[in-house]
Amino acid sequence: MPIESLNLEAISVATNLYRSAQKLRVKMETEVLSSYQLSWTAFSILYDLWVWGRLETRKLAELSGISTATASNVIKTLEKKNFCVKSADPRDRRHVYAEITPEGKAAIEELYPAFHKGETMLIKGMTKEEQNTLIELLRKVNDNLHKP
Numbered sequence: 001m002p003i004e005s006l007n008l009e010a011i012s013v014a015t016n017l018y019r020s021a022q023k024l025r026v027k028m029e030t031e032v033l034s035s036y037q038l039s040w041t042a043f044s045i046l047y048d049l050w051v052w053g054r055l056e057t058r059k060l061a062e063l064s065g066i067s068t069a070t071a072s073n074v075i076k077t078l079e080k081k082n083f084c085v086k087s088a089d090p091r092d093r094r095h096v097y098a099e100i101t102p103e104g105k106a107a108i109e110e111l112y113p114a115f116h117k118g119e120t121m122l123i124k125g126m127t128k129e130e131q132n133t134l135i136e137l138l139r140k141v142n143d144n145l146h147k148p
């Protein structure tokens, strides 16, 4: 395939998104999440339980962009830390829910300010207008990834 036929802008967007996401993930895992021995994925699930409350494991997997099997394993790890508990729906045991524990809530409330500091670092030097434009563009990218 000749290089002239490639969409170099698409390559640049994909490469920059990937590199930025990886840098953010490594930075947060190293500087913030490691003190609680949490991976990015474990934090994501714990965060969703903190924000949304009791959720079905399938929904947690969807929100984190992972398989239900991976979500189940991560939830087991969070359970071992006493950060969440699982329960089956008594009417249909195929539906399993997770819920944050007081210990999980205390942990996320302690670590989230440092995590949020990392989030705000992402937009340093951007005007509100630039931030909103970036939000709109990232939403378009996300929408494009969900189209066939």
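Anchor point for the sequence shown: position 136 equals 136 in the UniProt record's numbering, and the numbering is continuous, going up by one each time.
Using N, Cα and C, we set each Cβ at its ideal position, and we do this for glycine too.
Is the CB-CB distance between residue i and residue j below 9 Å?
i           : j           : result
residue 99  : residue 49  : yes
residue 40  : residue 31  : no
residue 103 : residue 76  : no
residue 112 : residue 47  : yes
residue 64  : residue 74  : yes
residue 86  : residue 127 : no
residue 197 : residue 95  : Any property of residue 197 remains undetermined from this structure, which presents the chain solely from 1 to 148.
Express the C-alpha separation of residue j and residue i in angstroms, rounding to a whole number.
i           : j           : result
residue 120 : residue 97  : 32 Å
residue 115 : residue 20  : 16 Å
residue 153 : residue 72  : This structure cannot settle anything about residue 153, because the visible part of the chain is limited to 1 through 148.
residue 45  : residue 4   : 43 Å
residue 42  : residue 118 : 17 Å
residue 134 : residue 1   : 32 Å
At least one CB of chain D closer than 9 Å to the CB of residue i: is that the case?
i           : result
residue 136 : Any reference to chain D falls outside this structure, which holds one protein chain only.
So if DSSP puts residue i in a beta bridge, which residue, or which two residues, is it bridged to?
i          : result
residue 55 : 98
The ligand FAD and residue i: does any heavy atom of the ligand fall closer than 8 Å to the residue's C-beta?
i          : result
residue 37 : Summarising the ligand content, the structure contains no ligands, and the ligand FAD is consequently not present.
Counting only the same chain and skipping the five closest in sequence on each side, list residues whose C-beta sits under 6 Å from that of residue i.
i           : result
residue 54  : 97 and 99
residue 108 : 46 and 50
In chain order, what residues of the same chain lie with their CB nearer than 8 Å to the CB of residue i, ignoring the 5 residues before and after it?
i          : result
residue 25 : 40
Next on the checklist: Ignoring anything shorter than 3 residues, give me the beta strand (DSSP E) runs that lie fully in the UniProt domain "HTH marR-type" (10-143), in order along the chain.
Outcome noted: 84-88 and 96-100
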